[in-house]
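Below is one structure, written out as structure tokens, with a few remarks after it.
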Amino acid sequence: MDSVVTLRGVTKRYGDFAALDGVDLDVPRGEIFALLGPNGAGKTTLISIVAGLVRATAGTTEVLGRDVVTDYRFTRRAVGLVPQEINFDPFFTVEETLVIQAGYFGVRLSRERLEEILVALDLESKRHANTRSLSGGMKRRLLIGKALVHEPKVLFLDEPTAGVDVQLRQALWAYVRTLRARGTTIVLTTHYLDEAEELADRVAVIAEGRILVVEEKERLLERYAGKTLRVALSAPAAELPRSLQALGARLEDGGTAVAVVAPPGASFGPALAALAEAGLPVRDVETSRMRLEDVFVTLLERGGKGRRP
Amino acid sequence: MIGLGPRTLFKKEVRRFLRVPGQTVLSPLVTTSLYFLVFGFSLGTRLREVEGVPYARFIVPGLVMLGAITNSFLNTSSSVMVMKLQGTVIDLLVSPISYGEILAAFVGAAAVRGTLVGAVVWFVAACFTGFEVAHPLYAVLAVVLVAVTFGGLGFVTGIWARTFEQVNFFPTFVITPLTFLGGVFYSAAMLPGPLKALTLANPVYFMVDALRWGMLGRSHAGALPGLAIAAGLCAVSLGAAYGILRSGWRLRG
């Protein structure tokens, strides 16, 4: 796997508390990688170690094969961080803020690049406004702009849409996809599992400082997400034939519907064949799959850590 | 060749204080001008001469030093504190700028502000007492060295402080007493034994004295003791600031 970010045995301790406990992780190039976990699981600590904000107690962290401590000038140029907390410098305008941030990374921000960022983040009309006067959503977009000025190879988004309205969230999702299409690797932490389900190519679940699972999102859903077949009947049935009962089917809604739950990876073929053989009067058929949220809860419960991300 | 990163940080820090000139340049100008008018002229009519120069002229180096010390300290301490409170310190910590470059940019900007305020105070005072400077290079060296020293101390204070009350602790309880008792308004030769000994134990006294030698051509101990003390304190201040920055104390997790 062509890994952009590599962690090996990364541990971060605060006294007796281990925020991260021997984490091994590879983030593949060019993907949107969602890091999910309950509050206090270690998501922000992990991101902060890669970005250089926090020092690991043990282990090694590499970006593009270079160590984040000994080769920090290289790795920090390759990383962009959108922090969870909104920050702004009240002495400067939007444009000045972006130019200064680029300068920190040794980059002279060209007019074209500045325009591109301002347009992409819908901040063009505010370019000469003091950052203090921006709304919360605009400040969050400016944070994303600041993280992008030096064209990082990997962008860390720590809860990028927390407190953001639906319209802006959709716009940010679209922009994240555009960045991925250009080759930027995105690492995302989010409280909104629908966001991870919508955007992510790969998902890692972290709890109590340990990685529970890392998997391509589709494979994760295939592996852990069961599905339900629901058949509406035009006339109520009193009892199900044995062939359907053997497949775990049950009657619902006073006999007007049949529900069959298939474990992850299983097919509904036998159930559909049994239905046809039984001659039940089928009115409608509907299938549904467990969502990432359900998988997430399942994974945490297996690990005995059942809380929301 | 200084990289674009530290140059950007330095320019940003200078622009920051120039954005609020009323607070950063004009306010100390008014304050020190009032000192000059009140002490220089009211006491000047009674004291006439100190160490062979008119009293109004005698206090000018002290007022310049007072402005330089206070402003260089406040520039770094308030800027670091604001960055911590606003969260923008993250922008620096994730950047490829090295610790030495960060410190140099902050302290350099503090030295610019301290020297600028000192120059403005001198200019206003010189309108009343004359523009003659005995040893300009020594005078500039003394002001810059002291501004760098207190810029470094301000940097340490900004990192240490959790509240603005703590930021103000050092100027209120350390810098102000040391400068007011550091020969800004008098010569140690004018004091009785114990007070004289106390004054001579104060490093700021020798810094003011060095500047007085540079500006007036005469002083109690000459330029070298003050410059040596300032250079020593400068090394300690910058060393402490660099060590703390490198350790990540109160900045990095």
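Line order of the protein sequences matches chains A and B.
45 is the number that this note's numbering gives to position 45 of the first sequence; each next residue is one higher, with no gaps.
This note's numbering runs 1000 ahead of the 1-based position in the second sequence.
All residues carry an ideal CB built from backbone N, CA and C; glycine is no exception.
For a quick check, are the C-beta atoms of residue i and residue j less than 8 Å apart?
i: V107 of chain A; j: V79 of chain A; result: no
i: M1215 of chain B; j: A1134 of chain B; result: yes
i: V27 of chain A; j: S3 of chain A; result: yes
i: P1028 of chain B; j: Y72 of chain A; result: no
i: R210 of chain A; j: D21 of chain A; result: yes
i: L272 of chain A; j: L244 of chain A; result: no
i: V1094 of chain B; j: A51 of chain A; result: yes
i: T256 of chain A; j: L280 of chain A; result: no
i: L98 of chain A; j: L81 of chain A; result: no
i: T287 of chain A; j: K227 of chain A; result: yes
i: D201 of chain A; j: I32 of chain A; result: yes
i: Y104 of chain A; j: L1200 of chain B; result: no
i: T1149 of chain B; j: A1241 of chain B; result: no
i: G1118 of chain B; j: V1143 of chain B; result: yes
i: K126 of chain A; j: V94 of chain A; result: yes
i: V154 of chain A; j: V176 of chain A; result: no
i: V1303 of chain B; j: L1224 of chain B; result: A question about residue 1303 of chain B goes unanswered here, because the residues of chain B that appear run from 1001 up to 1253.
Can you have a look at residue i and say buried or exposed, based on whether 16 or more other CB atoms are within 10 angstroms of its CB?
i: P38 of chain A; result: buried
i: D1209 of chain B; result: buried
i: I117 of chain A; result: buried
i: P1192 of chain B; result: exposed
i: A1056 of chain B; result: buried
i: P90 of chain A; result: exposed
i: P152 of chain A; result: buried
i: M1083 of chain B; result: buried
i: Q170 of chain A; result: exposed
i: S1078 of chain B; result: buried
i: I1159 of chain B; result: buried
i: P1021 of chain B; result: exposed
i: G248 of chain A; result: exposed
i: P1006 of chain B; result: buried
Leaving out the 5 sequence neighbours to the left and right, which residues in its chain are closer than 6 Å to residue i when beta-carbon positions are compared?
i: G306 of chain A; result: Confidence at G306 of chain A is low in this model, with a pLDDT of 48, below 50, so its placement is unreliable and the value that follows should be read with caution. Closer than 6 Å at the Cβ level, and outside the excluded window around G306 of chain A, lie L300.
i: A56 of chain A; result: V10, K12 and I49
i: G1108 of chain B; result: F1010
i: G1062 of chain B; result: V1184 and V1208
i: F1170 of chain B; result: T1157
Output needed for residue i: all residues of its chain with C-beta closer than 7 Å, excluding positions within five of it in sequence on either side, in chain order.
i: R1113 of chain B; result: F1017, T1024, N1071, S1072 and N1075
i: P309 of chain A; result: Confidence at P309 of chain A is low in this model, with a pLDDT of 48, below 50, so its placement is unreliable and no value can be given for it.
i: F1128 of chain B; result: A1056
i: K43 of chain A; result: L35, G37, T189 and I206
i: A1221 of chain B; result: F1206 and D1209
i: F1164 of chain B; result: M1081
Per DSSP, what kind of secondary structure is residue i in: helix, strand or coil?
i: G9 of chain A; result: strand
i: P309 of chain A; result: Since pLDDT at P309 of chain A reaches only 48, below the 50 mark, its modelled position is unreliable, and the value read off the structure follows with that caveat. Here P309 of chain A sits in coil by DSSP.
i: A1111 of chain B; result: helix
i: I117 of chain A; result: helix
i: E108 of chain A; result: According to the sequence as given, residue 108 of chain A is Arg; it is not Glu. Coil at R108 of chain A, not helix or strand.
i: I1229 of chain B; result: helix
i: A1105 of chain B; result: helix
i: V67 of chain A; result: In the sequence as presented, Val is not what sits at residue 67 of chain A; that position holds Asp. Of the three classes helix, strand and coil, the one that applies to D67 of chain A here is strand, per DSSP.
i: I206 of chain A; result: strand
i: L292 of chain A; result: helix
i: E1049 of chain B; result: strand
i: E62 of chain A; result: strand
i: K217 of chain A; result: helix
i: E252 of chain A; result: strand
i: A1210 of chain B; result: helix
i: F1010 of chain B; result: helix
i: D201 of chain A; result: coil
i: G327 of chain A; result: Any answer about residue 327 of chain A is impossible in this case: the structure gives chain A only from 1 up to 309.
i: V1030 of chain B; result: helix
i: D16 of chain A; result: coil
i: V1020 of chain B; result: coil
i: R302 of chain A; result: helix
Output needed for residue i: all residues of its chain with C-beta closer than 8 Å, excluding positions within five of it in sequence on either side, in chain order.
i: L1141 of chain B; result: G1214 and L1227
i: I1059 of chain B; result: Y1035, F1036, F1039, G1040, V1184 and F1185
i: P1136 of chain B; result: G1214
Taking 7 Å as the cut-off, is the CB of residue i close to at least one heavy atom of the ligand ZN?
i: A51 of chain A; result: For the structure depicted, the ligand ZN is absent and the ligand set is empty, with no information on it obtainable.
Give the residues from the segment 1073-1100 of chain B that approach chain A closer than 9 Å (Cβ to any Cβ), ordered along the chain. V1082, M1083, Q1086, G1087, T1088, V1089, I1090, D1091, L1092, L1093, V1094, S1095, P1096, I1097 and S1098
Closer than 8 Å, Cβ to Cβ, to anything on chain B: give me those residues from the segment 136-157 of chain A, in chain order. K146
Where the segment 62-77 of chain A meets chain B: residues whose CB sits under 7 Å from a CB there: Y72, R73, R76 and R77
Going along the segment 1016-1035 of chain B in order, which residues come within less than 7 Å of chain A, judged by CB to CB distance? R1016 and R1019
For the segment 32-60 of chain A, list every residue whose C-beta sits within 8 Å of some C-beta in chain B, in sequence order. T45, S48, A51, G52, L53, V54 and R55
Using a Cβ-Cβ cut-off of less than 9 Å, list which residues of the segment 106-134 of chain A approach chain B; keep chain order. G106, V107 and R108
Taking only beta carbons into account, state which residues of the segment 1230-1252 of chain B come closer than 8 Å to chain A, listed in chain order. G1248 and R1252
Looking at chain A, which residues of the segment 1200-1229 of chain B have a Cβ within less than 8 Å of any of its Cβ atoms? none
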